[in-house]
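Undergrad: Numbering follows full-length UniProt numbering, in which position 136 of the sequence shown is assigned residue number 136; successive positions increment by one, without gaps.
Heads up, the beta-carbon is just placed ideally off N, CA and C, and yes, glycines get one too.
One structure, as structure tokens, below. Some questions next.
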Amino acid sequence: MSQVLKLAIGSIVVALGVLALKLWAAQITGSVALLSDALESIVNLATAVAALVAVRLAARPADSKMPFGYYKAEYFSAVLEGVFIVVAALLIFHQAWQGFMAPTPLDAPFEGIAISMVATAINWGWSVVLVRQGRKLQSPALEADGHHLWTDVVSSLGVAVGLVLVVVSEQPLLDAALAVLVGLNILWSGSKLLAHSVGGLMDVSAGPERLDAIRQTIADNADGAIEAHDVRAREAGKAVFIDFHLVVPAAMSVKDAHDICDRIEVALKNTDSGAIITIHVEPEHKAKHSGIVVL
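Okay, here's the thing in structure tokens:
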């Protein structure tokens with residue numbers, strides 16, 4: 001079993017445990033804010049399942065139906081997470097409205113806060129693991145799940161502080177107001193997640209630093225060529241698709257041109273194991289005298 005798959009399964013286990021704790025805290029206090037926090041944990045569970053499915057699908061090798069691989073499956077999972085977050089926000093706003101209409105004093109508030117903080121500590125630790133490992137393993141689904149958990153941690157801390165104020169001020173309407181803030185916070189995080197994931201599905205270019213590294217690797221390993229131009233790269237999960245035009249002298253043999261291409265491909269894959277490379281070889285009269293000039 002791969003490390004990515006183990007982490008995806010771990011997210012489901014963590015989400016179940018945290019959900020149970022937060023529902024317990026909401027039940028013993030009657031707090032709308034804590035119930036809203038628990039609703040977000042239901043989203044965490046749903047997105048953890050979606051991430052597991054996406055990770056397993058993305059790991060499948062390319063085949064005749066998907067000749068470029070299943071890498072983008074993880075972006076679909078991240079988009080789904082964003083949608084779930086928006087749905088959770090709407091449910092939270094509904095609960096907050098009911099709280100405004102019928103405010104009630106809290107029962108056992110400090111016990112509920114303590115239970116919620118245990119759940120929050122678990123989420124915090126797991127979010128750190130997911131973000132670090134998601135970046136290391138180049139898994140958009142895991143990294144998105146980690147960032148989502150971090151927003152849950154922040155909102156849970158805010159709820160805890162707010163509930164203390166509710167108890168001190170004896171103003172139960174503040175409980176519903178806290179629920180609204182929780183909803184707005186996760187709505188904001190969901191919008192950012194959707195924007196990032198849609199960018200991946202739309203084949204947005206690799207970042208400037210990654211492009212610079214690709215260009216430098218080409219320049220360092222293209223001895224014998226004249227230039228490389230129209231260098232492009234797009235990311236899809238672990239993979240980065242790179243294509244460019246390589247201009248060689250008109251008198252160069254096909255074998256020599258092919259040797260240069262092989263050398264560049266090996267260097268690019270040594271730099272980035274997920275590189276999938278396409279090189280279009282052109283004669284010297286096609287030179288644009290721009291891009292990466294080798295000679």
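For Ala-251, report the span of its alpha helix (DSSP H) as first-last.
TA: As a first step, residue 251 is located in the sequence shown; it is residue number 251 there, counting from the start. Premise fails: Ala-251 is in no alpha helix (DSSP H) and is neither H nor E.
Undergrad: Counting pairs of beta carbons, one from the region 175 to 193 and one from the region 45 to 53, are three or more of them closer than 8 Å?
TA: The region 175 to 193 vs the region 45 to 53: no contact.
Undergrad: Is Phe-68 helix, strand or coil when you go by DSSP?
TA: Taking the sequence shown and counting its residues from 1, one reaches residue 68 at position 68. Three-state result, Phe-68: coil.
Undergrad: With H, G and I counted as helix, E and B as strand and the rest as coil, what does DSSP make of Ser-273?
TA: The residue you call residue 273 lines up with position 273 of the sequence shown. Here Ser-273 sits in coil by DSSP.
Undergrad: Looking only at its chain, what residues have a beta carbon closer than 8 Å to the beta carbon of residue 339, apart from the 5 residues adjacent to it on each side?
TA: One cannot answer for residue 339 here, as it falls past the ends of the chain, which runs 1 to 295.
Undergrad: Please report the distance separating the alpha-carbon of Trp-126 from that of Lys-192.
TA: Counting from 1 along the sequence shown, the entry for residue 126 is found at position 126. Counting from 1 along the sequence shown, the entry for residue 192 is found at position 192. Their backbone Cα atoms lie some 21 Å apart in a straight line.
Undergrad: So what does Ala-233 bridge to, in DSSP terms?
TA: Start at 1 with the first residue of the sequence shown, and residue 233 comes out as number 233. DSSP output for Ala-233 lists Ile-242 as bridge partner(s).
Undergrad: Select from Gln-98, Leu-21, Leu-246 and Gly-112 the residue whose C-alpha is nearest the C-alpha of Leu-163.
TA: Within the sequence shown, residue 163 is the residue found at index 163, counting from 1. The option with the nearest alpha carbon to Leu-163 is Gly-112.
Undergrad: Does the beta-carbon distance from Ala-195 to Val-247 come in below 8 Å?
TA: Translated into the one-based positions of the sequence shown, residue 195 becomes position 195. Translated into the one-based positions of the sequence shown, residue 247 becomes position 247. Not a contact, by the Cβ cut-off of 8 Å.
Undergrad: When the distance is taken between beta carbons, is Asp-243 closer than 8 Å to Val-159?
TA: Locating residue 159 in the sequence shown gives position 159, counting from the first residue. Locating residue 243 in the sequence shown gives position 243, counting from the first residue. Contact flag unset, no.
Undergrad: So, for Leu-91: in the same chain, excluding its five sequence neighbours on each side, which residues have a beta-carbon less than 7 Å away from its beta-carbon?
TA: Sequence index remark: in the sequence shown, residue 91 carries index 91 (1-based). For Leu-91, where only same-chain residues beyond five positions count, the Cβ hits under 7 Å are Leu-39.
Undergrad: Measure the alpha-carbon distance for Ala-8 versus Leu-45 and round it to whole angstroms.
TA: Here the question's residue 8 lines up with position 8 in the sequence shown. Here the question's residue 45 lines up with position 45 in the sequence shown. The straight-line gap from Cα to Cα measures roughly 11 Å.
Undergrad: If I'm right that Ile-186 touches Ala-88 with Cβ under 8 Å, what's the distance once you round it to whole angstroms?
TA: Sequence index remark: in the sequence shown, residue 186 carries index 186 (1-based). Sequence index remark: in the sequence shown, residue 88 carries index 88 (1-based). Indeed they touch by this definition, with Cβ atoms about 6 Å apart.
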